[in-house]
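Accompanying notes for the structure given below.
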Amino acid sequence: MSYRIETECLQGGYQPGNGDPRVLPIYQSTTYKYDSAEHLGDLFDLKAAGHMYTRISNPTVEMVENKIASLEGGVGAMCTSSGQAASLMAVLNITSAGQNFISLSTIYGGTTNLFAVTMKRMGIEVRFATPDMTDEEVEALIDGNTRLVFGETIANPALNVLDIERYAALAHRHGLPLVVDNTFATPILCRPFEFGADIVTHSTTKYMDGHATVVGGVIVDSGNFDWAASDKYPELTTPDESYHGVVYTEQFGKAAYITKARVQLMRDLGSTPQPLAAFILNLGLETLALRMERHCSNAEAVAKYLEANDKVSWVNCPALPSSDQHELAQKYLPKGCCGVISFGVKGGREAAVRFMNSLKLAAVVVHVADARTCVLHPASTTHRQLTDEQLVAGGITPDLIRLSVGIENVEDIIADIEQALANV
Ligand SMILES: *Cc1c(COP(=O)(O)O)cnc(C)c1O
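If you want it as structure tokens, here you go:
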């Protein structure tokens, strides 16, 4: 039986049987018991399905993974200990030293560091494409060693909306998958697979948890990409010696990518979420649809208020008709553009800092997408490791204030902004 997404948020993943606990149980166990050594041997050879060891899989985590896979409309999902681990593994699963991949430049600062600094040291080269590049200019970055194209549905913090159909078509023309970080949109506002994306990642730390309680990530596989159709992905289409020669595309079909990510990468790298973390994430997922609705309507109201205020130099909210992202937002985000907006205060960097120090309800925190309103100055915090060129390429100006509008009463949020603007 398949339900609508609001219902899946609550009912997906775990269906208790007669007399079972009503709420998702926490299986706080590292290990599992078997009736025979042969059965365990079959598990190790990937001939039987089942749990071996919690570094690789766990029943509580698995039920949350199944819920997220169903929310995104994918064939399988793998939770990770953080969004960073999800981004790393999503790329590493199909990219090796000596190869490269294309990423939009408008992405989360932590992902920029991961791709441009740490992965470079692993011998993997990222080639950044700016959103204003034509298809021809992006395609000029692709060569025989390119393995994927990466972007964010709603860029953090530039708030560019990814033209998913365009980049999916571009990637597919070259036999490459499109990997989309769907953290800000969540499957409530956008389901990238419906527009041709092949793999989705999330920092579940943000809206999915939604209460700023637990760091986590997830990778979701659409099952749509035909790995065997090209000779680019031998790690999926030729024998894996670490499993006595299993060929993922042959044995696991549509779930080849996500199965390899788990049984090989998660086994070897061990960025596993704890069962308790998955339980807490699940509590957040239960109210995700309801919260996103309020985040979107509150953010739009705050953006309209800011746009009408003469102390504000500019407002960026893709939901506003004045935004250059509005057309893309109407196509990909018809239900709203999440709670994150950005704006500049007249007076530049100093005015921005004075405004932030005057806020009472909105808290200055290194976080975003929390149920509580929070605010951040990326140029002096999350993005301070980036060069000025990287800042500009990421769509960040020195006066940019990122406001993550929460689900409080919107009148209280606006009143707080009003009194802080009065101090500028
Ligand atoms: C926060 C964030 C990440 C990193 O996630 P963590 O859970 O903090 O490791 C990745 N992508 C986006 C878009 C983010 O906002």
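Per this note's numbering, the sequence shown starts with residue 270, numbered consecutively. No residue lacks a Cβ here, since even glycine has one placed at the ideal position from N, Cα and C. Quick caveat, the model's predicted, so the values are computed rather than measured.
For ligand 1, no non-hydrogen atom lies closer than 6 Å to the CB of D639. Here Q688 is exposed: its Cβ has fewer than 16 other Cβ atoms, across all protein chains shown, within 10 Å.
Distance from the CA atom of F419 to the CA atom of V515, rounded to whole angstroms, is 28 Å.
With 16 or more other CB atoms across the displayed protein chains lying within 10 angstroms of its CB, P587 is buried.
S540 has its alpha-carbon roughly 10 Å from the corresponding atom of G352. Comparing C-alpha distances from K629 to each of V644, V635, T403 and S356 shows the shortest one belongs to V644. The stretch 601-608 makes no contact with the stretch 654-663; the number of CB pairs closer than 8 Å stays below 3.
The alpha-carbon of G617 is positioned some 16 Å away from that of G664. The nearest non-hydrogen atom of ligand 1 is less than 6 Å from the C-beta of G379.
In this chain, D639 is not harboured by any beta strand (DSSP E), its DSSP state being neither H nor E. Around the CB of Y272, fewer than 16 other CB atoms lie within 10 Å, so the residue is classed as exposed.
Contact check between the stretch 337-350 and the stretch 393-412: fewer than three CB pairs, one atom from each, fall below 8 Å, which does not count as touching. Taking every protein chain shown into account, the CB of M391 has fewer than 16 other CB atoms within 10 angstroms, so this residue is exposed. In the displayed model, G485 falls within coil according to three-state DSSP, outside both helix and strand. Look at D478: its beta carbon is at least 6 Å from all of the heavy atoms in ligand 1.
Here the distance from the Cβ of S540 to the nearest heavy atom of ligand 1 is not below 6 Å. Taking the CA atoms as reference points, L669 sits about 46 Å from G522.
Contact between F612 and L575 holds: CB atoms are separated by about 5 Å, below the 8 Å threshold. Put simply, of R653, G675, K573 and R416 the residue whose alpha carbon is nearest the alpha carbon of N382 is R653. In this structure, P446 and L417 form a Cβ contact; the two beta carbons are roughly 5 Å apart against a cut-off of 8 Å. For T506, the closest C-alpha among the options H513, S298 and Y517 is that of Y517. Per DSSP, M347 is one residue of the beta strand (DSSP E) stretching across G345 to T349.
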